[in-house]
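Chains as they are written, first to last, in the numbering used here: chain A, 1 to 275; chain B, 1001 to 1316; chain C, 2001 to 2262; chain D, 3001 to 3482; chain E, 4001 to 4250.
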Amino acid sequence: MKIKSFVKRFFKKYHGFNFVCGLVICGIIFLAAFIAVFHTPYGSTEMNASLKFASPSFAHIFGCDNYGRDIFSRVLEGIRNTFFIALTTVFIGTFAGIVIGAGCGYYGGRLDHVLMRVNDALFAFPSVLLALVIISLLGPSSFNVTIALGIAFIPSFARIVRSEYKKQAALDYVQSAKLMGAGDLRIIFVHILPNILPVLMSSVMIGFNNAVLAEAGLSYLGIGVQPPNASLGRMLSEAQSYIFTAPWYALFPGLMIIIMVLGFSLLSEGISENS
Amino acid sequence: MKYYIKKILYLLATLIGVSFLVYAAFEIIPGDPALSKLGTDATPEALAALRHEMGLDRPFIVRYLSWLVECFKGNFGISLSYNRPVIAMIGDKLPITITLTVLSMVFTILISVPTAVLMAKYAKRTLDRTFYVADQVFMAVPSFFLGILLTYVFGMVLHWFKPGGYISYSKDFPGFIAYLIMPSVAIAVPKCAMSVKLLRASILEEADKEYVRTAYSRGNSTMQVMYRHVLKNAMIPLVTFWGMAVADMIAGSIVVEQVFGIPGLGRILLTSISNRDYPVVEAVIVLIAFVVCVMSLIVDILYKRIDPRMKRTDED
Amino acid sequence: MLLEVKDLTIEFHDHDSPEKVVKDVDFSLDKGEILGIVGESGSGKSMTAMAIAGLLPRKKLKTFGSIFFERKDLLKIPRSELRGLQGDEISVIFQEPMTALNPTMKIGKQVEESLFIHHKDMSDGDRKKVALKWLENVEMDDPARVYDAYPHELSGGMRQRVMIAAAMVSEPKLLIADEPTTALDVTVQAEIIKLLLKINELSKVAVLFISHDLSLIRQISHNVMVMQNGVIVEKGDTDMIFESPKEEYTKRLIAAIPEVRL
Amino acid sequence: TGDKAAETPASHITIGIPQDLDDGLDPHKVNAAGTREILFNVYEGLLKYNENGELIPALAEKYEADADGLTYTFSLRQGVKFHDGSTVTADDVVYSLNRLAGKETGEPLEGALANIASVEKTDDKTVTVKLTEPDADFLSYMTDAIIPASNADPETSVIGTGPYKFVSHTPQESVELESFDDYWGEKAHIKNITLKIISNADSIVMELKGGSADMFCRITDTQVKELEGSDFNIEKGTMNLVQALYLNNKYEPFSDPKVRQAICYAIDPQEIMDYVSGGDGTEIGSAMFPAFGKYYDESLNDTYNTDIEKAKSLLKEAGYENGFEFSITVPSNYQPHVATAEVIVEEMKKIGVTAKINLVEWDTWLSETYSERNYEATVIGVDASPLTARALLDRYKSDAHNNFVNFSSPEYDAALTAALSTTDDAAQTASYKQCLEILSKEAASAYIQDLPCYVAINKKITGYKFYPLYAQDFASLSLVTE
Amino acid sequence: MEKEKLIEGKGITVRFTNYTDGKRSIKTVLEDLDIDIYKGEILGLAGESGSGKSTLAKALLGIVPLASGTIETKTKSPQMIFQDPYSSLNPAKKISWIMEEPLKLKTSLSRTERRDRVSSMLKEVGLSDEFMIRKPSELSGGQRQRICIGTALMQEPEFIIADEPVSALDVTVQAQVLDLMGRLQDEKGFTVLFISHDLRTMYNFCDRIMILKDGKIAETGIPSELYRNPKHPYTKKLLESAGIRKNETV
Ligand SMILES: Nc1ncnc2c1ncn2[C@@H]1O[C@H](COP(=O)(O)OP(=O)(O)OP(=O)(O)O)[C@@H](O)[C@H]1O
Ligand SMILES: Nc1ncnc2c1ncn2[C@@H]1O[C@H](COP(=O)(O)OP(=O)(O)OP(=O)(O)O)[C@@H](O)[C@H]1O
Ligand SMILES: [Mg+2]
Ligand SMILES: [Mg+2]
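Quick look at the structure:
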């Protein structure tokens, strides 16, 4: 009963074309990612020489790749990996971004100044190289790629969060909370944080999309997810060489990236529209 | 004036910070420029000799400081793999990347402004909705994927241009520009889509402001209000975005250059990273960081030019 | 009779059921007359005024009735003809002088804009002359400096004067002032009121003065109209209304004015 | 036919190359195979290789070796011109050989030539070289470039005697070559050649199809498929390298020969060839590729015919019946090796071994895997440069500096020493063959194949020749005249 | 006055640093200002916009640092009702949360007890329980202002600063809010510093009025006396503008 009324309230609050489309797309993607953890129609690394570059058919709806692997299964696995990487990346970026940005924006002063300068320097530093450094330190694995991207994302999040905190800290309700005797931590996380959520949400979504694209870019350069595991970016860059013999190999992962990014940006659009 | 001196000092500090980070990065990541040059045939003696010749046997901090001192004298060192002055190597490639960036920026602005105005004018109507969805899709396309599609469709199927047929600017300038059109479209499209989205939102936000009503009250028509009043104000937030976009485009061109076979800064950066040719990498990255910083300075100045309220600059 | 509003009804259609925010409003305004409209927040004052100025958002609402301005029904004439009147014959000044001016356009350009639109034959120099004259008329200390300034460089009171000057450059017949002093502080408020009276005197412009501050209305208007929930509760000569209000609501309003008995 | 160049004086073709000539142009200092195969057209030594891998006279008309194998006398060809127009003299030869042997600096530019005791000009057309000890491979180093003694900086002024002369180099873009009119031998047919750097492997097909390159050496079998039905002929040769899953013999499970043998039994080279090279590769069973007909022993291919059961029982014997995990480090820029590794991962699953792929940059591979030997297994191809068996087999000696697999076998060391110290050809061949047998038996690594090499050439060009070493002979190319 | 001093400020000076065109300029907003506030009184503070009224209030609470001067307070929990009703309530929270916050911080009441207190406070400020689940954006300006007052009273303060609590409201609502404040002050006996620029409103409401001009106190006095014969010309001008005194020059 309670859940039902919650759902009702939720949809009352959030509606509109963008939100619904975004929710449906993200829901399907999430479902696909979730199912791919337990089951894919074929083994995602299972090779079959007789199916090399088989074109889409009922048995293999997205066709097969240069090893005769089922592209649909790989796309599913790719969605899972990419989804996981992007999510964790954003989580790391957001979390650290909030801590740094909130501290800097709320307290201001010297520390803020110094941290923001460091932030600027990191911002000006190409993230490819940053990722390269981190991966060399930690060794390549999809987990480390995630960490590398996460760290590369911190500066931009910190910047956004900081400016939001700066704005909020100047508002009277913050003073009012201080007069009530609320501590700084409580003010930062309990009073202010909910107010920057809409901005944070939309930058999380944008960040999510950038993470998907960055992972694709890193895989393109050979430092993303390691083969034979699939990620959408990796598949896309592999597929490039076969664009003439097997256009579907590039098409499906490419479409999936577009759909995934589209879903999330619609969702973020929908959320910020409604709040 | 004092403000700009301060800004320039910050810029220098940032550049020094970035250059140090790059040096440190090369200290950390595995690989050795000497080994890279000698390859699998390297004998330990030959390696040691080459490392000495390259000055790699000195401690890290000494190398960095002497590099820094040389930099201030305007000497960015010699490429380890090409034995050429770094300045000359980058100088060769810079016009390519600059042209690419400028072209992409021009496309972005030329396309996004009228589109956004049109969408804002028909906000929430069918035209706007259609464009909006298309815009979201364009925003989601990775530029290298777009690059592949463009080469396939316009290069291989329609033969509008010759994929990989890059023509050097020193040989045939119009041909050079013509070749760069497709790549700059690939770079521009996602940025353009983002600009359209931001500008449309910004226009709609501005259109709700009171001064717009004032403008209508004087008998302006919708389009007059749009172009005479709203647009300039709506573009203010876009300036920051465009400033960042320039930096992004330079970074984004790394991958797109690969797709279209353009020997620009991106290619030099990638090969130099993999050759561990750190004087070159160092210079390219410092250059990119410089552009990023200068762009933010330009954005600052532009702000003041467009927005007369921005006289106050207490924000660090 | 300059303006005659008949059975004006305004209906919003952006929610499930249509909402009437102005209901069957009737009133008229003579040349040179100052008519005050009072009423609590949300009573439909601004909506009525905007309907006259032709500034109602057209999408989500419907208007019924008629508004005759010099015998032309503003609700029926084509958009382009209406645009010809706006800023030329009918001018508006708004409540918030802070936001009603374009922040990135020089004051001079904004003051001149009506001339620019409606008197295309005028030379730039002539336009500037007129603008400067009006900036002087609104008692600006240094019109030439103000002409080249941006809005943010002026104080609230100065901006409101600029708004008045901009509204008056084309010597309109009707000036609609929607709470022109609410955002200003007391001392400045008094000056603006004086100025409006002076201009009314000077150019015989009719003024529709909207405010929820009864003491102000009392100071400035010849006739008063009291609105509540979209209907006119009472209208008549200012002194009559204030001294012997007939309706319950008017009485309550007047009673709420803090009294100072010296 | 000697004067085809004269018939089509303005002929020009563009050849795509995968990397820039980024390690300089000093012929005595370059190492990258990609650079050497281009400079093959610009520089010549006293001798040179032909397409069969045989040494033929070049700047030396003929040579003689003493019976003790310590003195070599070279008679120079007369009237040979450098690209700058000067004539090649005995002094230039002495200068070049001394430079290579490091006689002035003490640091030989060619390690093997440290063995030279002295180089003397006997007369204007004769040069004598004395060695400190006999070296069966000495002559293969006489293919190193002869450069003018007067050239102060070979790095920037590129002056050789080859059929093509160097015109210009734009880093990361292109290299321009032009045929040399005063070449002593058969002159090149095509006047101008542009070498265009196409570093992105994915765009090769597009560039070829789009017409911005006329030829590309070493494309993959999928690229071959993509080019079907276009304006290109595909020439097929071999890469001449030893592709293997190289196992770090010091790494825990691989230190046990049984485990290494089990891996060999599990790997099916034919399956790998099917996936990676369209079935076109040549299976190899030891560290030698077929181009070395003299040493190549086809029977070694059968040492480990794929046998999953055998592999499992070997693992059991070694105490790994539940399998183990290892990672395969592969340089990400070599697509065939990455693909091979992917197939191997699947094959390992069949014997219960979990392999993971660890893609690294080429440079990281060089320093971490090759130099530091900090890896578990790697897929790579090893080539022979110079074209000697020694170059391939040296590296398995226990103490060799480039023994990156950490192979260690006293038996092998003895066999190799025997091979190197004899000047008797038959004995040497026998010893080398013994070496190869040991490598195969001990399963030093899991040898897979010699990859096929495909060259895409526009139908308007003919005359492409494969060399069993890194060399692209542009002089043999000519345009089809119809 | 025989009454006890609650707050005694001496030589209060406040400066702000401004940056214009990269140049630092220091603006003195309050200068060497003395202020005494007595227990239980309603002290009115008037002056034109920008004269430093809000700054003085914030200085008394310690939100704004003093450049020089001292402030002695005998009250532990001063409260402030901020000038802008739109920014002084946390927009992300429900009214019940906002009003419960001080109880959470300062007392150990249970959830239901807190609810009860909130509910009774809402009644006191003339709002019904249904406002509990609303967010500030769903309230009108007057309602917000009442919530602010309620939240401040929730903490049983001895001293409340009300910074122009009614200037954003229309006359009828203004009267309601002032009524409420006056009534509660009668009942609870707290001290109020009432800031406004509307001399009409202050006349009946305040016990004492202080006129602030350019960061200095121009004049202090009991309303009836102050309005009848203002000494400072600025006070006169204020009274004229408000239409309380007839303009002598006209
Ligand atoms: N978009 C809308 N949809 C529905 N109702 C609206 C909309 N905009 C305004 N209203 C309603 O129209 C009514 C009249 O508004 P109007 O602006 O004329 O009031 P007002 O008398 O000018 O008040 P104030 O003194 O606050 O300016 C109000 O009740 C308001 O809530
Ligand atoms: N944080 C600040 N930084 C710089 N200047 C400030 C700051 N806060 C206030 N001021 C300046 O101090 C002066 C006094 O401001 P204050 O808010 O105290 O005025 P006020 O009397 O409350 O006016 P109002 O009636 O408009 O509320 C103003 O000129 C204002 O510009
Ligand atoms: Mg209104
Ligand atoms: Mg104030």
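Positions of the beta carbon are idealized from the N, C-alpha and C atoms, including for glycine.
(message) By alpha-carbon positions, which one of A/H113, A/L115, A/F153 ends up nearest to A/G93?
(response) Along the first sequence, one-based indexing puts residue 93 of chain A at 93. Looking at A/H113, A/L115, A/F153, the one whose alpha-carbon comes closest to that of A/G93 is A/F153.
(request) Please compile the residues from chain E whose C-beta is within a distance smaller than 8 Å of the C-beta of C/T2187. (result) As a working note, residue 2187 of chain C is residue 187 in the third sequence. Among the residues of chain E, those whose CB is under 8 Å from the CB of C/T2187 are E4048, K4237, L4238, S4241, following chain order.
(request) Give me the Cα-Cα distance between D/D3394 and D/S3431, rounded to the nearest whole angstrom. (result) Against the fourth sequence, residue 3394 of chain D aligns to sequence position 394. Against the fourth sequence, residue 3431 of chain D aligns to sequence position 431. One C-alpha to the other measures close to 13 Å.
(request) Classify B/H1229 as helix, strand or coil using the three-state DSSP reduction. (result) Numbered from its first residue, the second sequence carries residue 1229 of chain B at position 229. Looking at B/H1229 - three-state DSSP - the assignment turns out to be helix.
(request) Hey, could you find the ends of the alpha helix (DSSP H) A/F72 is sitting in? (result) Here residue 72 of chain A refers to the residue found at position 72 of the first sequence. Its alpha helix (DSSP H) spans residues 71-107.
(request) Give me the Cβ distance between D/Y3246 and D/A3377, rounded to the nearest whole Å; I'm assuming they're in contact under 8 Å. (result) On the fourth sequence, position 246 is the one that residue 3246 of chain D refers to. On the fourth sequence, position 377 is the one that residue 3377 of chain D refers to. Yes, they are in contact, since the Cβ atoms of D/Y3246 and D/A3377 sit about 7 Å apart, within 8 Å.
(request) Name all residues in chain order for which at least one heavy atom of ligand 2 lies closer than 5 Å to the residue's CB. (result) Chain-ordered, the residues whose CB falls short of 5 Å from any heavy atom of ligand 2 come out as E/F4016, E/V4029, E/S4049, E/G4050, E/S4051, E/G4052, E/K4053, E/S4054, E/T4055.
(message) Within 8 Å, do at least three Cβ pairs link the region 1139-1157 of chain B to the region 1055-1063 of chain B?
(response) No, they do not touch.
(message) Considering only their Cβ atoms, is the gap separating B/A1188 from B/T1108 smaller than 9 Å?
(response) Taking the second sequence and counting its residues from 1, one reaches residue 1108 of chain B at position 108. Taking the second sequence and counting its residues from 1, one reaches residue 1188 of chain B at position 188. Cβ atoms of B/T1108 and B/A1188: closer than 9 Å.
(request) Let me know if D/A3006 comes out buried or exposed under the rule of 16 or more other beta-carbons within 10 Å of its beta-carbon. (result) As a first step, residue 3006 of chain D is located in the fourth sequence; it is residue number 6 there, counting from the start. Note on D/A3006: pLDDT 47, under 50, position unreliable in the model; no value is reported.
(request) Check whether the Cβ atoms of C/Q2095 and C/N2102 sit closer than 9 Å, and answer yes or no. (result) Translated into the one-based positions of the third sequence, residue 2095 of chain C becomes position 95. Translated into the one-based positions of the third sequence, residue 2102 of chain C becomes position 102. Result no, Cβ atoms of C/Q2095 and C/N2102 do not sit closer than 9 Å.
(message) Distance cutoff 9 Å, beta carbons only. Does A/L266 sit that close to anything in chain B?
(response) Working through the first sequence from its first residue, we reach residue 266 of chain A at position 266. Yes, A/L266 lies at the interface with chain B (some Cβ there is under 9 Å from its Cβ).
(message) Between the alpha carbons of D/G3079 and D/K3130, how many angstroms are there, rounded?
(response) One-based indexing of the fourth sequence puts residue 3079 of chain D at position 79. One-based indexing of the fourth sequence puts residue 3130 of chain D at position 130. Rounded to whole angstroms, D/G3079 to D/K3130 spans 25 Å at the Cα level.
(message) Beta carbons nearer than 9 Å to chain C: which residues of the region 1210-1221 of chain B have them?
(response) Flagged, chain order: E1210, Y1211, V1212, R1213, T1214, A1215, Y1216, S1217, R1218, G1219, N1220, S1221.
(message) For a contact defined as C-beta to C-beta under 7 Å, what are the partners of C/E2040 on chain E?
(response) Here residue 2040 of chain C is taken as the residue at index 40 of the third sequence, counted from 1. Per Cβ cutoff of 7 Å: D4170, T4172.
(message) Can you check which of these residues, B/C1293, B/G1264, B/L1287, B/P1033, is closest to B/D1277 by C-alpha distance?
(response) The residue you call residue 1277 of chain B lines up with position 277 of the second sequence. Nearest Cα to B/D1277 within the set B/C1293, B/G1264, B/L1287, B/P1033: B/P1033.
(message) Is it the case that the region 2204-2217 of chain C contacts the region 2170-2188 of chain C, given that we only count it when at least three CB pairs across the two stretches are under 8 Å?
(response) Between the region 2170-2188 of chain C and the region 2204-2217 of chain C, the count of Cβ pairs shorter than 8 Å is three or higher; the stretches touch.
(request) Would you please state the rounded distance, in angstroms, between the beta carbons of B/P1163 and D/G3210? I believe it to be under 8 Å. (result) Against the second sequence, residue 1163 of chain B aligns to sequence position 163. Against the fourth sequence, residue 3210 of chain D aligns to sequence position 210. Yes, they are in contact, since the Cβ atoms of B/P1163 and D/G3210 sit about 4 Å apart, within 8 Å.
(request) Tell me D/D3202's beta-bridge partners as DSSP assigns them. (result) Residue mapping note: residue 3202 of chain D aligns to position 202 of the fourth sequence, counting from 1. Bridge partners of D/D3202: none, in fact.
(message) Under DSSP, the beta strand (DSSP E) around D/T3194 begins and ends at which residues?
(response) By one-based count along the fourth sequence, residue 3194 of chain D stands at place 194. From DSSP, the beta strand (DSSP E) with D/T3194 extends over 3192-3197.
(message) Under 8 Å: do the region 3295-3314 of chain D and the region 3432-3443 of chain D share three or more Cβ pairs, one atom per stretch?
(response) Contact between the region 3295-3314 of chain D and the region 3432-3443 of chain D is present: 3 or more CB-CB pairs across the two stretches fall below 8 Å.
(message) Can you check whether the C-beta of B/K1304 is within less than 9 Å of a C-beta belonging to chain C?
(response) For the purposes of this step, residue 1304 of chain B is taken as the residue at position 304 of the second sequence. At least 9 Å separates the CB of B/K1304 from every CB of chain C.
(request) Please name the residues in the region 2097-2108 of chain C whose beta-carbon is closer than 8 Å to at least one beta-carbon of chain B, in chain order. (result) Cβ contacts with chain B come from T2099, A2100, L2101, N2102, P2103, T2104, M2105.
(request) Would you please state the rounded distance, in angstroms, between the beta carbons of D/Y3141 and D/L3113? I believe it to be under 8 Å. (result) Your numbering for residue 3141 of chain D matches position 141 in the fourth sequence. Your numbering for residue 3113 of chain D matches position 113 in the fourth sequence. Under the criterion of beta carbons closer than 8 Å, D/Y3141 and D/L3113 qualify as touching, at roughly 6 Å.
(request) Label C/M2140 either buried or exposed according to how many other C-beta atoms from any shown protein chain fall within 10 Å of its C-beta, with 16 as the threshold for buried. (result) Residue 2140 of chain C sits at position 140 when you count from the first residue of the third sequence. Classification for C/M2140: buried.
(message) So C/G2087 contacts chain B; which residues on that side make the cut at Cβ distance below 7 Å?
(response) Here residue 2087 of chain C refers to the residue found at position 87 of the third sequence. Within 7 Å Cβ-Cβ: S1217, R1218, G1219.
(request) Kindly indicate the opening and closing residues of the beta strand (DSSP E) around D/V3455. (result) As a working note, residue 3455 of chain D is residue 455 in the fourth sequence. Taken as a continuous stretch (DSSP letters only), the beta strand (DSSP E) holding D/V3455 covers 3452-3458.
(message) Output needed in chain order: residues of the region 1186-1198 of chain B with a Cβ under 9 Å from some Cβ in chain D.
(response) Here the close residues number zero.
(request) Check C/D2026 in the structure and name its three-state DSSP category. (result) Locating residue 2026 of chain C in the third sequence gives position 26, where the first residue counts as 1. Residue state, collapsed to three classes: strand.
(request) Return the chain-ordered list of same chain residues with a C-beta closer than 7 Å to the C-beta of D/S3086, the five sequence neighbours on each side being excluded. (result) In the fourth sequence, the residue the question calls residue 3086 of chain D occupies position 86. Result list for D/S3086: P3148, in chain order.
(request) Helix, strand or coil for D/N3052, going by three-state DSSP, please let me know. (result) Counted from its first residue, the fourth sequence places residue 3052 of chain D at position 52. The answer is coil: DSSP assigns D/N3052 none of H, G, I, E or B.
(message) For a cutoff of 9 Å on Cβ pairs, would you count C/R2083 as touching chain B?
(response) Counting from one through the third sequence, the residue named residue 2083 of chain C turns up at place 83. Yes, C/R2083 lies at the interface with chain B (some Cβ there is under 9 Å from its Cβ).
(message) Relative to the C-alpha of B/A1042, which candidate in D/S3313, D/G3111, D/E3051 has its C-alpha closest?
(response) Along the second sequence, read from residue 1 onward, the residue named residue 1042 of chain B stands at position 42. Across the set D/S3313, D/G3111, D/E3051, the C-alpha of D/G3111 shows the shortest separation from the C-alpha of B/A1042.
(request) Would you mind reading off the limits of the beta strand (DSSP E) that contains D/K3165? (result) Position 165 of the fourth sequence holds residue 3165 of chain D. For D/K3165, the enclosing beta strand (DSSP E) has its first and last residue at 3164-3170.
(message) Using C-beta distances below 7 Å, list every residue in its chain close to B/L1373, excluding the 5 sequence neighbours before and after it, in chain order.
(response) An answer regarding residue 1373 of chain B cannot be provided, because it is not within the stretch 1001 to 1316 covered by chain B.
(message) For D/D3202, would you say it is in contact with chain B, using Cβ-to-Cβ distances shorter than 9 Å as the test?
(response) Taking the first residue of the fourth sequence as 1, we reach residue 3202 of chain D at position 202. D/D3202 counts as touching chain B.
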